[in-house]
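Reading through the structure tokens given below for one structure.
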Amino acid sequence: MRITLLLLTLFAFILPAHAGMFSTIDDRANHISAQLEGNNNYHAHLARELANVAVEEKGQHDVTAALEFIRMAEAHADQAGGAK
Amino acid sequence: MMKRMMTLTASLSLAACAGYSNINIGFDELSEAKAAIADAKAAGAERCAPKLQAQAVASLYWAGHELEESGHSDAGDHAEEEAMLVARALSKAKAAKAASKGRCMPEIIKLSGIKFPHDSARLTPAATAILDNAVKTLQKRSSIKVEVAAHTDSSGSNAYNQALSERRAASVMNYLGTHGVSSSRLTSKGYGESQPIVSNATQEGRTENRRVELRVMN
Chain A
13 MRITLLLLTL FAFILPAHAG MFSTIDDRAN HISAQLEGNN NYHAHLAREL
63 ANVAVEEKGQ HDVTAALEFI RMAEAHADQA GGAK
Chain B
24 MMKRMMTLTA SLSLAACAGY SNINIGFDEL SEAKAAIADA KAAGAERCAP
74 KLQAQAVASL YWAGHELEES GHSDAGDHAE EEAMLVARAL SKAKAAKAAS
124 KGRCMPEIIK LSGIKFPHDS ARLTPAATAI LDNAVKTLQK RSSIKVEVAA
174 HTDSSGSNAY NQALSERRAA SVMNYLGTHG VSSSRLTSKG YGESQPIVSN
224 ATQEGRTENR RVELRVMN
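Chains A and B, in that order, are what the protein sequence lines are. Be aware that the first sequence starts at 13, since it is given in this note's numbering, and climbs by one per residue. Be aware that the second sequence starts at 24, since it is given in this note's numbering, and climbs by one per residue.
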């Protein structure tokens, strides 16, 4: 019984952590900003713009939109090729 | 107690797995802005005016979200914000297109620190370490095609410098091509001493002018 409970609890926390639900939007936006320092290509600019939108949406308490915009921002940050 | 735990577990697990739909930009209200962004892209704005183009695209998606949220109705609470975002997307795209016309230099990916032995196109270990990073960049930016451009300083004859730069450009291209970058994405060109970035009058200037860079061609 205890083991089942322990496993269920672990399961409950592993998946949200894997999905990035425990990192705040601001943390992720800051990470993008640091990751793209000095990079001024299109994808880097778009990543920064979308991260700003995510932070703004979070400020308006629309977490679903904030998560979607920050995921888009991270996808473009990956395409941008990192810091220059 | 057990029932509550099960409910909590299931809720958190489902929340973690749930996908978020992409932002819908299929609204009629966005047609003009989308067309303007496409025009700007065709004019090379992603390369020539990347910040303006990015602002246009971000505004478009944000407007799409606001339209979706307000139920696609002008009477919604978001009408003013939607109109502002659509107008911003349009104006930024037009500005990006205008900025791209006729005076656009290709994006340069600098390969700072690549040095060749005298009169040689052989890559040193230091150079290959820099090129390994370039391979990673090109693998991340898998849609771009690049020209490997090699330059010399003004020491020696034009013909000698031209031939040397061509050999060095080919050497770098060959390394990239054999380390994971598709050859269909690569071309090479030697520019000899024709495109100095600083004066060749000093040793420092000549060092700076001897360089290899990647020019993004699309």
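Ideal Cβ placement from N, Cα and C applies to all residues, glycine included.
Cβ closer than 9 Å: which chain A residues qualify as neighbours of residue i?
i, result
"residue 163 of chain B", "90, 91, 92, 93, 94"
"residue 46 of chain B", "77, 80, 81, 84"
"residue 103 of chain B", "Under the 9 Å cutoff, chain A gives no residues; its nearest Cβ is about 14 Å from residue 103 of chain B."
Are the C-beta of residue i and some C-beta of chain B separated by less than 8 Å?
i, result
"residue 52 of chain A", "yes"
For residue i, return the contacting residues in chain B, with the cut-off set at a CB-CB distance below 7 Å.
i, result
"residue 61 of chain A", "77, 78, 81"
"residue 41 of chain A", "Chain B residues near residue 41 of chain A: none, gap ~13 Å exceeds 7 Å."
"residue 57 of chain A", "73, 74, 77"
Can you list the residues of chain B that residue i reaches, using a CB-CB cut of under 9 Å?
i, result
"residue 67 of chain A", "The premise fails here: residue 67 of chain A is roughly 12 Å from chain B at the closest Cβ pair, so nothing lies under 9 Å."
Can a CB atom of chain A be found closer than 8 Å to the CB of residue i?
i, result
"residue 73 of chain B", "yes"
"residue 220 of chain B", "no"
"residue 70 of chain B", "yes"
"residue 160 of chain B", "yes"
Which residues in chain A have a C-beta closer than 7 Å to the C-beta of residue i? List them in chain order.
i, result
"residue 234 of chain B", "Per Cβ cutoff of 7 Å: no residues; residue 234 of chain B is ~16 Å from chain A at best."
"residue 88 of chain B", "77"
Using a Cβ-Cβ distance under 8 Å, would residue i count as near chain D?
i, result
"residue 46 of chain A", "Although the question refers to chain D, the structure presented lacks it and instead comprises the protein chains A and B."
What residues are listed by DSSP as bridge partners for residue i?
i, result
"residue 174 of chain B", "B:234"
"residue 209 of chain B", "B:169"
"residue 133 of chain B", "B:236"
Considering only residues of the same chain and omitting the five flanking positions on each side of residue i, which have a CB-CB separation below 8 Å?
i, result
"residue 81 of chain A", "62, 63, 65, 66, 69"
"residue 222 of chain B", "228"
By Cβ distance below 6 Å, which residues in the same chain neighbour residue i in space, the five residues on each side in sequence not counted?
i, result
"residue 116 of chain B", "59, 60, 63, 79"
"residue 40 of chain A", "82"
"residue 46 of chain B", "84, 87, 88"
"residue 195 of chain B", "171, 235"
"residue 129 of chain B", "238, 239"
"residue 84 of chain A", "62"
"residue 118 of chain B", "75"
"residue 161 of chain B", "204"
Can you name, in chain order, every residue of its own chain whose Cβ lies under 7 Å from the Cβ of residue i, other than the five neighbours on each side?
i, result
"residue 158 of chain B", "199, 202, 203, 204"
"residue 168 of chain B", "208, 240, 241"
"residue 55 of chain B", "113"
"residue 58 of chain A", "88"
"residue 91 of chain B", "47"
"residue 37 of chain A", "66, 67, 70, 78, 82"
"residue 220 of chain B", "231, 232"
Taking only heavy atoms of the ligand SAM into account, decide whether any of them is closer than 7 Å to the Cβ of residue i.
i, result
"residue 71 of chain A", "With respect to the ligand SAM, the structure offers nothing, as it holds no ligand at all."
Practice item. With 9 Å as the C-beta to C-beta threshold (strictly closer), list the residues of the region 117-132 of chain B near chain A in chain order. Key: Listed in chain order, the positions of the region 117-132 of chain B with a beta carbon within less than 9 Å of a beta carbon of chain A are 130, 132.
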